[in-house]
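Numbering (the numbering used here), first residue to last: -18 to 334. Note that the Cβ used here is the ideal one computed from N, Cα and C, for glycine as well. The structure presented is a predicted model; accordingly, all values stated were derived computationally and were not measured.
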Amino acid sequence: MPLYLKAHLHLQQTATFIIQQTQHHQFCVSTIRVFLLLVGITSFSAFGSIPVSGNFTASATCPAFQSFRKETNPDNIQLISNRRYEALSINKINGQWIQLRIPGASPAVRWVNKDCGTADFKLNSNAANNTKNPNSCQIPNDFDSYVLAVTWQPGFCEHANYKGRKPECNAINSGEKTISHLTLHGLWPNKRSCGINYGYCDSQATLNLSSATIKTISPWMPNFFYQNSFGEYQWKKHGACQNLNDDDYFLTAIDLVKKVNSSPIGLYIEQNIGKTVSVSEFKNQLTQTLGTNAVNRIRLSCSKGRYLTEVQLNLERDFNPSDNLLSQLERAPKSSRFQGNCNSLIHIEESGR
């Protein structure tokens, strides 16, 4: 038996013992619940979901949850009896919940109770290898939140040392292309214990976006106007660590960027293009419109401490893409300080040199 399963079994046995010993003492109930939560004997084990390959055939009409813990079900999606669905993962070994891809649903990846049908799948090769030799920072779906990194492209292209390898920056700096909105750097699954090192979960991951997806995302990730290399890098390093396919992953990320761009964050940047502003003023403006809780999930990034290049926003693992930005931020883990690596005064570059 793999070591982590032995550990999990031991924790279950310990929890059972505590319950037996204290079942007549009501005051211990809350303590037991906290213990169960900490050791992962809930809807998610402490070791994250386990990727699988195969299918699930529904035998009844059942709800398909975005988050089974919260029982959130955007658009009230239901499985159709006798229909077969692609299985993506299970919440834990011998778990009760199976993650499926539901065609036509938004988001398409949903959780269903295993009692709703018949499963025909197996652990994929990467998951099997990881259970034997786990590298805790490269296990797919073993993350606890997301970071959405949106770029202020004029500032990045003018001041980052990209060594001529970004054709979109060459076009922006020459005036051939004008960018006056926020763009996508990446949507990064994040595992707190790994810091910035969670990634590269599938060495065989390849990017194969449809032409329709590329057309949709290119204005918001301008490298796609010229090549796919930056998108391929983001997919291999970050995207392959979660369960959405490549089209859905990038389309979801772009929808998030659009929300940020039309929010007080993007509006403040747009209103101050070509100006030098104080970080404290920027923060105060956002606090007045978004509130302190949301602002505590936002972090700025600058080149040379002075030139705004990026805004990073924390999102919860099971964020609902249809929620407004404020709701998505307020439920996320807190970020480090809003100022990030920026000086107290920052310049918001305009497109072109």
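Boundaries of the alpha helix (DSSP H) harbouring Thr273: Thr273 to Val276, taken from the DSSP string.
Contact annotation, Gln134 with Gly167: C-beta distance approximately 14 Å; criterion of less than 8 Å not satisfied. If you ignore the 5 residues before and after Val241, its C-beta comes within less than 8 Å of the C-beta of Leu129, Val131, Leu163, Gly247, Val292, Leu294 and Leu306, all in its own chain and listed in chain order.
Per DSSP, the unbroken alpha helix (DSSP H) holding Leu248 starts and ends at Pro245 to Gln252.
Within the DSSP bridge table, the entry for Pro170 names Tyr127 as partners. When only Cα atoms are considered, Tyr249 and Ile31 end up about 42 Å apart. The closest CA to that of Arg173, considering only Asp123, Tyr143, Asp96 and Ser259, is found on Asp123.
Scanning its chain for C-beta atoms nearer than 6 Å, with the 5 sequence neighbours on each side dropped, one finds around Ala234 the residues Leu165 and Leu168, in chain order.
Straight through space, the alpha carbons of Glu297 and Pro314 are spaced by roughly 7 Å.
Non-local beta-carbon contacts of Ser126 in its own chain, meaning distances under 7 Å to residues more than five positions away in sequence, involve Asn171, Asn295, Leu296, Glu297, Arg298, Ala313 and Pro314 in chain order. The beta carbon of Glu52 lies closer than 7 Å to those of Phe46 in the same chain, with the five residues before and after it left out. Take the alpha-carbon of Ala193 and the one of Asn209: they are about 14 Å apart.
Judged by their CB atoms, Pro245 and Thr270 are nearer to each other than the 8 Å cut-off. For Pro88, the secondary structure class from DSSP, reduced to helix, strand or coil, is coil.
Counting along the chain, the unbroken alpha helix (DSSP H) around Ser308 starts and ends at Leu306 to Glu311. When the five nearest sequence neighbours on each side are left out, the beta carbons in the same chain lying within less than 8 Å of the beta carbon of Ile83 are those of Ala45, Ile58, Leu60, Tyr66, Ala89, Val90 and Arg91, in order along the chain. Annotated three-state conformation of Trp78 is strand, per DSSP.
Taking each of Cys283, Leu81, Tyr179 and Gly85 in turn and checking the Cα distance to Leu326, the smallest one comes out for Cys283. Linking Val276 to His328 through their CA atoms gives a straight-line distance of about 20 Å. Between Arg334 and Asn204, the CB-CB gap reaches or exceeds 8 Å. Membership of Pro148 in the alpha helix (DSSP H) is indicated by the continuous run Pro148 to Ser155.
A straight line joining the alpha-carbon of Ile79 with that of Ser40 spans about 14 Å.
Here Gly176 carries a coil assignment [DSSP, helix/strand/coil]. In the same chain as Gly98, and ignoring 5 residues on each side of it, the C-beta atoms closer than 6 Å to its own belong to Phe37, Thr38, Ala39 and Ser40, in chain order.
Apart from sequence neighbours up to five positions away, the residues of its chain that approach Pro148 with a beta-carbon distance below 7 Å are Tyr207 and Gln208, ordered along the chain. At the C-beta level, Ala68 and Leu81 come within 8 Å of one another.
In the structure shown, Cys118 adopts coil according to DSSP, grouped into three states. In terms of Cα proximity to Ser199, the closest of Tyr179, Lys285 and Lys239 is Lys239. Per DSSP, the beta-bridge partners of Phe46 are Trp92. Gln119 is the residue among Thr197, Gln119, Gly145 and Leu225 whose C-alpha sits nearest the C-alpha of Gly176. Residue pairing by DSSP places Glu331 opposite no residue, since no beta bridge is assigned to it.
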